[in-house]
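Here the sequence shown is numbered in the working numbering, starting from 2 and rising by one per residue.
Quick reminder that beta carbons are idealized off the backbone N, C-alpha and C, glycines included.
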Amino acid sequence: IIIGHENRSQLQDLDGPENSSKVEVLILPNQYNQTFVSRHNIPEHNLTQIKLEIDRRNADQYVHNLQKYGLSLGPESVVIVVQVHDRANYLKILLDSLRKVKGIEKTLLIFSHDVFSEQLNSIVETIDFCPVMQIFFPVSAQLHPKEFPGEHPNDCPRNVKKDQALKIKCNNANHPDKYGHYREAKYCQTKHHWFWKLFHVFDQLTVMKNYTGLVLLLEEDYYVAPDVITILQMMNHLKKKDCKDCRMLTAGNYDKTQSYSINSGKVELGHWISSRHNMGMAFTRDLWKDIKKCTSEFCNFDDYNWDWTLQHLSMKCIPDKVKVMKMKATRVFHIGECGVHHKGKNCQPDNKKKQIETQLQSNKQHLFPNVLSVGGQSKFKLRDPKPNGGWGDKRDRELCLSFAKGQG
């Protein structure tokens, strides 16, 4: 997609014959005239209006800040996709960290929402440091509060026994999960949203149509280091040299102690394991195509976690298993101690933010390493995870499968 390409010379880094063929998307500053219509004050109880607004925005695919920055995407670029639920205070902290990232102005930053909220939209619309797009998960619990995929009044209670469920004729009585439990709407949405978002970003967005570079997945309660984009680009180069079959790059890790002085420029190679490598994942369309071929396996695996499901795909469906290159000194941090699963004592995101900022400040001289090198192999063995359940309901499986048909 090239808009205004007759003025290509304005973008100096694209000059020269060696680069001209590599530009996959080029929109020049001040060449983009689409007008953004911001419909504010939609009451949050008016679901019909919200649904229309979501459909309109998803169809428009409006990119904010193109007048200021333009957009040039190629194989060296990093597109960032953030999955957002409803925690505005965390989202603001993530944006504070993204604002400080070197090279962010050349990035397309996509927010994928499963809650339509004035507050969240206003926060996103204040971003002035890079091109930004919002997409909205159209089959959300917010839009279906009293029916699937929200909670229908006749849904089976989680712990009712199957024979009792059949007697009371509650919805989907025939299909509890492998542990005998019935679905809980609040836990199912994340996996649906995660899968839909990838279909939408890779297969539905015009601006992404020819893009072959990295897509970095973040969540609303993350915090990123200022060199995260630089590091991913360096990892991508190192991969071509030292790990051609590494198809996942992971910029984050959960190690309790981080040694930037020793590990700042070191990566570790291994098989992708969900509990160790699911934070700050980046990959290209190439891996997405293989995940997509495993749609049936993804949607029918009895686990409500997208990451455990992905590990199962790596073991059972994706050719050659997913190999990962991960940073030994993390560039992505998890602030959301009180998310869906975590009930940590330190639930003040600002405290956690201060800790991380202090850590990054005291290791400032170790960020932006001159070179990356392989500093070992992961000792963790890949295994097919035991399914956690929560995904026995036929309706969840059918909805999940529908995304591949473009019905989301």
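Sequence-distant partners of Val-116 (beyond 5 residues in either direction) whose C-beta falls short of 8 Å from its own C-beta, in its chain, are Val-85, His-86, Asp-87, Ser-141, Gln-143. In the three-state reduction of the DSSP assignment, Thr-36 falls in the coil class. DSSP places Ser-374 within a strand segment (E or B) once states are collapsed to three.
Ser-118 is a Cβ neighbour of Glu-45, given a cutoff of 8 Å. For Val-225, the enclosing beta strand (DSSP E) stretches over residues 223 to 225. In the three-state scheme derived from DSSP, where H, G and I count as helix and E and B as strand, Met-316 is classed as helix.
Nearest Cα to Thr-231 within the set Phe-37, Gly-393, Ser-78: Ser-78. Within the same chain, Tyr-63, His-65 come within 7 Å of Phe-37 by CB-CB distance, once the 5 residues on both sides are set aside.
Beta-bridge annotation (DSSP): Gln-84 is paired with Ser-113, Glu-220.
Judged by DSSP in its simplified three-state form, Gln-135 adopts strand.
Per DSSP, Met-209 is not a residue of any alpha helix (DSSP H), being assigned neither H nor E. A Cβ-Cβ contact shorter than 8 Å links Asp-178 with Asp-303.
Secondary structure at Phe-130: coil, using DSSP grouped into helix, strand and coil.
Contact between the segment 165 to 185 and the segment 380 to 391 is present: three or more C-beta pairs spanning the two stretches fall below 8 Å. Across the structure, Gln-366 and Val-372 are spaced so that their CA atoms are roughly 14 Å apart. With a cut-off of 8 Å on Cβ pairs, the segment 120 to 131 is not in contact with the segment 147 to 163, counting fewer than three such pairs.
Ala-283: member of the beta strand (DSSP E) spanning 282 to 284, first to last residue.
Distance from the CA atom of Gly-266 to the CA atom of Leu-217, rounded to whole angstroms, is 19 Å. If the five residues before and after Asp-228 are omitted, its C-beta is found closer than 7 Å to the C-beta atoms of Lys-103, Arg-332, Leu-368, Phe-369, all from its own chain and listed in chain order. If you draw a straight line from the Cα of Leu-109 to the Cα of Asn-175, it is about 45 Å long. Contact check for Ile-336 against Asp-222 passes: the beta carbons are separated by less than 8 Å. Leu-233 and Pro-139 have their C-alpha atoms spaced approximately 31 Å apart. Within the same chain, Phe-196, Trp-197, Phe-200 come within 6 Å of Phe-404 by CB-CB distance, once the 5 residues on both sides are set aside. If you draw a straight line from the Cα of Arg-286 to the Cα of Ile-94, it is about 29 Å long. Excluding five sequence positions before and after Val-161, the CB atoms of its chain that fall closer than 8 Å to its own CB belong to Ile-169, Cys-171, Tyr-183, given in chain order. DSSP, reduced to helix, strand and coil, places Ser-123 within a helical segment of the structure shown. Counting the other Cβ atoms within 10 Å of the Cβ of Thr-258 gives fewer than 16, which makes it exposed.
Inclusion of Thr-207 and Lys-327 in the CB contact set at 8 Å is not warranted, their separation being larger than that value.
The residue among His-272, Leu-400, Asn-264 with its C-alpha nearest the C-alpha of Arg-248 is His-272. The Cβ-Cβ distance between Tyr-212 and Leu-74 falls below 8 Å.
Pro-76 has its alpha-carbon roughly 23 Å from the corresponding atom of Glu-220. Between Lys-101 and Asn-301, the alpha-carbon positions lie close to 41 Å from each other. Sequence-distant partners of Arg-384 (beyond 5 residues in either direction) whose C-beta falls short of 8 Å from its own C-beta, in its chain, are Met-316. Closest in C-alpha terms to Ile-292, from the list Lys-354, Lys-329, Leu-402, comes Leu-402.
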